[in-house]
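Okay, so the sequence shown: first residue is 1 according to UniProt numbering, each after it adds one.
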Amino acid sequence: MSDQNLKSLKMLDQVLENEPGVLLYFSTPQCNVCKVLRPKLMELFEQNYPEIGRYYIDSTETPEISGQYSVFAVPTIIIFLDGKEFARKSRNFSPAELVEEIRRPWEIMNS
C-alpha cells in the first residue's frame, strides 16, 4: 500500500476517525530532501507497520491542513495513534528512529 494524497480537512478527519494508526507526510513539490526521504520512510513503514495508513499532504495545495496542524516546515511527519497525535518530526530526523519510537505503543495497541 503506497501513500495517498489528502486534499481536504474533511478527508483527513475521516481518516483519523476510522484508522487506528496514521502517518501524515507534509511536503511541497520543491522539497529536494523529501524526494529522497519520502520513499525511504514509506518503505520502512510498509515493512514494519503495513496496517498504518500513510498519507501525503502537499502544503502548497492544502495550506488549511498545514495551518490546522501547525506545520511550518517541510518535511514534517505526524504520527497519530487512536486519533491522537503521538509523534512529530520535522526537517532532519532518522526514519529508523521514528519506526522504533512507535514500536512499543503500536504493539500495546494491537495486543
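Where a beta carbon is used, it is the ideal one built from N, C-alpha and C, also for glycine.
- Counting other Cβ atoms within 10 Å of its Cβ, F72 stays below 16 and is therefore classed as exposed.
- In the DSSP assignment, T76 is bridged to F26, S90.
- Using a Cβ distance threshold of 8 Å, F26 and V99 do not count as a contacting pair.
- Sequence-distant Cβ neighbours of E19 in its own chain, meaning closer than 6 Å and more than five residues away, are G53.
- Only residues of its own chain outside the window of five on either side were considered, and among them D3, N5, Y25 have a CB closer than 6 Å to the CB of Y56, listed in chain order.
- In the displayed model, G67 falls within a helix according to three-state DSSP.
- Taken through DSSP and simplified to helix, strand or coil, I108 comes out as helix.
- Straight through space, the alpha carbons of Y49 and I77 are spaced by roughly 15 Å.
- When DSSP states are grouped into helix, strand and coil, L81 belongs to the strand group.
- Excluding the 5 residues flanking it on each side, S90 has same chain C-beta neighbours closer than 6 Å at A73, T76, in chain order.
- Of the other Cβ atoms in all chains shown, 16 or more fall within 10 Å of the Cβ of D58; this residue is therefore buried.
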